[in-house]
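Sequential numbering from 11 applies to the sequence shown in the numbering used here. Every residue gets a Cβ at the ideal spot worked out from N, C-alpha and C, and that includes glycine. These notes concern the structure reproduced below.
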Amino acid sequence: MASSTSSFEFTFRCPPPANLTNQLSNPDDLCDECAKLDLDQSFTAAFDLYEGTRRGKYNRPFTSCRKDWGPVYLKDFYYVCSFGTRLSSPSKCSLCTFFRKMVTHPSQGSYKLLAFCSSESYLFEPRKKDARGQFVRRPWEERRQWQNENGKLMTEMVMDLEHNVFMALVPEVQGIPKTGVPLRWFETMLPENGCVYRVGAVERGVDRLVLPREIGAQINWNLARSWLSRCRCKHTACVKMKPVGEELRGFKVINCWKTPGPDAIEARPWSERYVALSYVWEYPVAGKWPQTILDAVEATKRMGERYLWVDRLCIDQSEAAADERKFLIGKMDAIYEGAEFTIVCAAGDGTTGLPGVGSTTRKPQSRIELSQRSAKAKGKTAVREVPDSIKDLCGVTEEEYESECAGESGWMDTMRFGLRGQMAMDLTVLLEDQRLEKDFGIDKNELLFFRDFAKDLGTPVEQLLQKFSLVAEKEGISLKAFCQKVTGMEKMPAYEGMDATPDFKPQKPLPANVIERRLRLVSTMQEPRVSIQKSKWSTRGWTYQEGVLSNRRLVFTPEQVYWECNAMAVCETVNMSFKAVEHSSGHQMADYMLSGIFQEDLHNEEELQYGFHSSDKGDVGDQVLQLDGHIEAFTSRDLTKEEDSLKAFLGVAARYRTDAGLLVLMGLPVWTGPFSDDAPGLQYTFALSLCSWTHVAQRVDEGAEMYVTDRPCRRQFPSWTWAGWQGRVEFCSEKQAQTHQDDAGADFFMIVKVLPGPDADPPHSDFFKAMTSKGYHLKAKETWSAEIVLHNADNTEATLLTGWAPVWNTGDPYTKWLLTIPKPIILRHMHLMESVYEGEWRRLMGKVVKVHLSVPLSEQELREGHKTGDLVSVLLFASTVPFVWNGIARFLILRKETGQQNRWERIGRLNMWLTEDEWNEYTKKASGLISALPVKTLDESITIS
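Pasting the structure below:
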């Protein structure tokens, strides 16, 4: 056992394992085409291209292109060669065999080999700008300025960091040039297949942003412990403060220092340090612990810990302990949040074991060693003369480049995760800048220069400007002239660069090969995030909150180990310079490369997220947006027991509950606190959440705005919450990231939003944001909501969800709750008429509508059901669209429940859009909206079960 006090160098640059179980491939067995390749030279040439671009030698702007109606692509990467269809079948060529393992489906299509810079994260996410419109520098771009003894301004890089190059196979697609990759390839296929790096010699005094790491059959425990140690030392967001001696009723753990068995399970205070396990349950042989638990015991000891919590063994599963079990299930948030870290088995099930621990094997890492081909290399890195043209630099001739790029045009990729659909702009900053520029007689770029200088000195910029103004005054010149004198420039240049490297930084080549005259290539293997998403663990409902609630996770995949805490995401095969990818505070990983996967699901596309984002817990809108993402991800998973639909989500719900007023009521996000105008939020936000969720469904016809699916009900839960149904739900049809806002505490800001289409369904979290933001809010007269009563079946418990009604302890998830709407407002009919506007589907009384159904109904059945009274659409909520000003009236589509008098079940929703002018006209008086819509008021109440 490795002690927690064992001595090892605190570094992330761990050497390769001494005994690699998978032998290096025989380099002499090359086919004729592979024998012509000089991969060493290609690595060097690609490095020249990307380093030269960063230094401003070559103009290689980031852009996405397409030709006519062909595929969209990113361009100007370094082209190495084409494998064509050589990889489609097994080969005796060792290099073909090596690269064949780098694609998931080698027999499908043809492939080319390209080289990429490992630091160009702007390919995945556009670079952020601050409120002043300036690019936000990444950690390795930060500079330090000072004046020397002669008064001359000196500049140096904060960290001396070098970049690297990797290769990857890219599908050859007609219409995409040799130097191009399909749009979204970086987010989808690259993580699926992994990268190929050249293994270089150890460089003294050189720190590279990304390096490959060779791994063996067993986990590198020193590396894993260093991740844990760094997190404990640096990441305040990952620390769970537990009072000494704090007890949790029924809390037990496995003492890993004892022989596995019943005697090893002990009652301990919850406040003591322990590790948790998250895995897929299987029914083992009676009396025996599954291999995964045995391996987790070993891993706990290897990580220097003593106690392990496993739900199956540490929660009494007998009927006599039902109350205690119910209590502990309700405390899952405390148990997983309170763990030092959670071991996640994302490989197989409980009988599989943890790959890389003990006798449980894992997939070998692919690697190959070749004779160095370049005659110029002389046992070291290949060298070459750098051409002047960007076209020659990309690995193709100028003629090929011109021919393949002919007829292309730029293309705006609106689906990239980084293109925020919504951004908060701090106008206070801009107004403050204008004042400083006016008061001190300097321009925008000169003010930015002084801001950088003030940041280096740790001084407020206005104080620095006052000091330099006095110095300038003594010399009899203006501050502007003084700035020109100090910098030696008549005009300050604007900072625009993209991963810019200044000229004063010495250029260093790639390192020599790890073995003289030999080229070793190694695969980073499939991205562990992809392996996790493909695992059986990611299909189970209970494991979802176990992963989300944990502050630190040590995940075992079939290939390697992955670490994700709330501030860092790393894996075994990728060796990163952490001082370069952390924020200056060191408390969180910077916006670079892949982030974690245990946050929320907010993507427009099925892809991994780039950029390690932190959320503002004080921003109610962003918190609700995260909750929506969690609900969407959770409902895509399977539950063995239907009655666990809400229980398995209680821990996540508890994490987002705040004293200010945010809570989850029967699965629906609700704000019970005051809006920014001091009006109570309960009635509006419950009604909004109630009619915002819908099942993921398919259009009934091309161009139709009617979406239908067939989802089974869970009869033990009400139909009005997603918990009462099987299948994935979503809260809007147009997902987006959290609002980009540099200063969440700004008093004066405006929201800039990409305008949606006329019938776009905006995130319902926008309403929470608009109503609770101190710089922006809707007015009460701009919203309407039905009154709703929440009650049990026999009416012995009831709450009118309005005003300041106390609902903290309302909505026991073990009770089936009903909703009653007194004097509901319903649609008069469902006569959907053909629209006179081109490209539009249907209109209802001249209004654009969109229909979502959780049960299979045709348009005719929908219309006839409303005509006979078997179906009814009830108006629940209406308001302007936050930050857009159009209006939406939201209806629930209900169906009579068989055998129940005056009982209805929710089967879908209908949204009706109003233009800004219509909305303004309708809301001039209280009854305006109701009288203008095709609705009527019923005298009798409607109860939704």
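Sort the options by Cα distance to residue i and report the nearest one.
i    : options                : result
N69  : K77, R76, Y60          : Y60
M855 : L446, H841, L863       : H841
H705 : L828, V82, P866, T793  : P866
E850 : E715, E652, T925       : E715
L660 : W237, D305, Q184, G340 : G340
I275 : E950, D326, N232       : D326
G366 : Y572, H839, E931, E483 : Y572
W547 : T567, P816, L529       : T567
I641 : G671, T650, R667, L678 : L678
T246 : D669, Q910, R562       : R562
E172 : V183, E257, D58        : D58
Q726 : R667, C742, D654       : D654
N232 : A286, R312, R852       : R312
K651 : D711, E712, G551       : G551
H862 : K298, R278, R721       : R721
K67  : Q517, Y554, V718, W929 : Q517
N802 : I835, T830, E472       : T830
D629 : C581, P270, V307, F685 : F685
W79  : D638, G417, F492       : G417
Using 10 angstroms around the beta-carbon of residue i, count the other beta-carbons present and answer buried if the total reaches 16, otherwise exposed.
i    : result
S419 : exposed
D50  : buried
T31  : Below a pLDDT of 50, predicted positions are generally treated as unreliable, and T31, at 42, falls in that range; the measurement from the model is reported next regardless. It counts as exposed.
S104 : buried
M843 : exposed
K386 : Note that K386 scores a pLDDT of 45, beneath 50, so its modelled location is shaky and nothing firm can be said.
R259 : exposed
L457 : buried
S351 : Note that residue 351 is Phe in the sequence shown here, rather than Ser. The residue in question, F351, is buried, as its Cβ has 16 or more Cβ neighbours within 10 Å.
A577 : buried
A56  : buried
Y121 : buried
E848 : exposed
S587 : buried
T890 : buried
T310 : buried
E712 : exposed
R527 : exposed
P100 : exposed
R709 : exposed
Would you check if the distance between the CB atom of residue i and the CB atom of residue j is smaller than 8 angstroms?
i    : j    : result
K833 : N921 : no
C91  : L40  : no
L886 : A697 : yes
S320 : I345 : Correcting the residue identity first, residue 320 is Val in this sequence and not Ser. Not closer than 8 angstroms, so no.
G918 : I898 : no
K906 : R838 : no
V406 : K77  : no
E915 : S729 : yes
T583 : I229 : no
E257 : L559 : no
L673 : R667 : yes
V285 : L318 : yes
Please find out if some non-hydrogen atom of the ligand NAD comes closer than 7 angstroms to the beta-carbon of residue i.
i    : result
G366 : Ligands are entirely absent from the displayed structure, and the ligand NAD is therefore not among its contents.
Exercise. Is the number of C-beta pairs between the region 446-453 and the region 483-490 that are closer than 8 angstroms three or more?
Worked result: yes
For this session: Specify whether the region 401-419 and the region 233-247 touch according to this definition: at least 3 beta carbon pairs, one from each stretch, less than 8 angstroms apart.
Result: no
Problem set entry | Stretch pair the region 202-212 + the region 246-263: three plus CB contacts closer than 8 angstroms | no
Exercise. Do the region 353-368 and the region 76-84 touch if we need at least three Cβ pairs shorter than 8 angstroms?
Worked result: no
Problem set entry | Cβ pair count under 8 angstroms reaching 3, the region 721-735 against the region 641-654 | yes
For this session: For the region 80-130, list the beta strand (DSSP E) runs that are entirely contained and at least 3 residues long, ordered along the chain.
Result: 88-94, 121-127
Exercise. Fully enclosed by the region 169-239, which beta strand (DSSP E) runs are 3 residues long or longer?
Worked result: 175-181, 206-208, 220-222
Problem set entry | Continuous beta strand (DSSP E) assignments of at least 3 residues falling wholly in the region 836-879 | 852-854, 857-863
Exercise. Can you find at least 3 beta carbon pairs, one from the region 330-338 and one from the region 276-293, that sit closer than 8 angstroms?
Worked result: no
Exercise. Taking contact to mean at least 3 C-beta pairs separated by less than 8 angstroms, is the region 371-383 in contact with the region 518-538?
Worked result: yes
Exercise. Which ranges does the alpha helix (DSSP H) cover as unbroken runs of at least 4 residues, wholly within the region 43-82, from first to last along the chain?
Worked result: 49-64
Problem set entry | Minimum length 4: unbroken alpha helix (DSSP H) runs contained in the region 322-351 | 332-339, 342-348
Exercise. Whole beta strand (DSSP E) runs in the region 875-920 with 3 or more residues, listed along the chain?
Worked result: 881-890, 897-906
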